[in-house]
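Protein chains: 2
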Amino acid sequence: MIPLEKRAELLKIIAHPARIKILEDLTQGVKCVSDFEDSLDISQPNVSQHLTLLRTNGIIDFFVDGRLKCYFLKEPFIPDLLDLLKKEYDDDMPAPACCPVTKKGTYPGERRR
Amino acid sequence: MIPLEKRAELLKIIAHPARIKILEDLTQGVKCVSDFEDSLDISQPNVSQHLTLLRTNGIIDFFVDGRLKCYFLKEPFIPDLLDLLKKEYDDDMPAPACCPVTKKGTYPGERRR
DNA sequence: TAAATACATGCAAATATTATTATATTTTAA
DNA sequence: TTAAAATATAATAATATTTGCATGTATTTA
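Those sequence lines, one after another, are chains A and B.
Using numbering that gives the first Met the number 0, the letters of the first sequence correspond one by one to residues 0 to 112.
Using numbering that gives the first Met the number 0, the letters of the second sequence correspond one by one to residues 0 to 112.
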């Protein structure tokens, strides 16, 4: 199984609005850099930096078509994650009635804030 | 649907090895702070900080049992995400044969590094 | 072959995150 | 009522991330 540290790293790389948008765009198919410039409304160098980060971490890749770089999704985990992020959850998980060990305690606890 | 910014935030909050471990421990049931101190091998204040971050963002909650604080999972997205992170993917996604727009280009492209 | 297009890189500034240390609060037990 | 246990908070220091900007390179077109 993929080790804890790597799982954290993977999520961290994805956990940025620009990069999530990039990945979502890529689930629709191949895009080149200027496509993201339009859809993200950030500067070209900034787009390039996000793409480089995603690529050097093996999440996306590209091929060259003349002066275009055509980026595509490589990491199969991504579509599943993006789907999960779109899933609607109606309710919070149920709070345990009491502490399973001491069989005591009350919820909700008193909070200072 | 949960907006882009929020999705990024959510992932960012989870994307830390200590916090992923905390959440995994919590899928097994209620735990108090000192349990994490043992299982994570980080300082008590640091555990507390991670727990506070998770709680103030609605991902976990606690109830009070004497001088223990019993933490539990609240955000239903978490178990699904943790499962997904454990899933094995055998192969990378297939690279497109050519640019769907220009019908040209070669993969892999030339890389500088 | 000069200009334009598409993209990448390096670096510095701004900001955010993390761990650490010290201290405070709450509760139970003696 | 005092001490200790369990946890939280605050301040700080160390790092990491993010962005902006200037510049650099490759490719195509005129």
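The C-beta atom is built at its ideal place from N, Cα and C for all residues, glycine as well.
On a CA-only basis, which of the options is nearest residue i? Give me that one, please.
i	options	result
Pro66/A	Asp24/A, Cys31/A and Leu22/A	Residue identity differs from the one stated: residue 66/A is Arg in this sequence, not Pro. The residue with the shortest Cα to Cα distance from Arg66/A is Cys31/A.
Lys68/A	Leu80/A, Gly57/A and Leu50/A	Leu50/A
Glu4/A	Ala14/B, Glu8/B and Phe61/B	Ala14/B
Glu8/B	Tyr88/A, Asp90/A, Asp89/A and Leu84/A	Leu84/A
Pro16/B	Ser38/B, Phe71/B, Arg6/B and Lys73/B	Ser38/B
Val29/B	Ile59/B, Val46/B, Ala94/B and Asn45/B	Ile59/B
Ile41/B	Thr55/B, Ile21/B and Pro93/B	Ile21/B
Asp34/A	Tyr70/A, Phe62/A and Met0/A	Tyr70/A
Pro75/A	Gln48/B, Gln43/B, Arg6/B and Lys86/B	Lys86/B
Ile19/A	Pro2/B, Met92/B, Leu72/B and Pro78/B	Pro2/B
Leu52/B	Pro93/B, Ile12/B and Ala94/B	Ile12/B
Leu72/A	Gln27/B, Asp79/B, Pro95/B and Arg54/B	Pro95/B
Starting from residue i, find everything on chain A with Cβ-Cβ shorter than 7 Å and list it in chain order.
i	result
Glu4/B	Pro16
Ile13/B	Leu10
DSSP beta-bridge partners for residue i?
i	result
Tyr70/B	Lys30/B and Phe61/B
Could you tell me which chain B residues have their CB closer than 7 Å to the CB of residue i, listed as they occur along the chain?
i	result
Tyr88/A	Pro75 and Phe76
Give the interface partners of residue i over in chain A, defined as CB-CB distance under 8 Å, in chain order.
i	result
Ile1/B	Leu84 and Lys85
(request) For the region 18 to 29 of chain B, enumerate the residues whose C-beta is nearer than 7 Å to any C-beta of chain A, in chain order. (result) Ile19, Lys20, Gly28 and Val29
(message) Along the region 35 to 55 of chain B, where does the CB come closer than 7 Å to a CB of chain A? Name the residues.
(response) none
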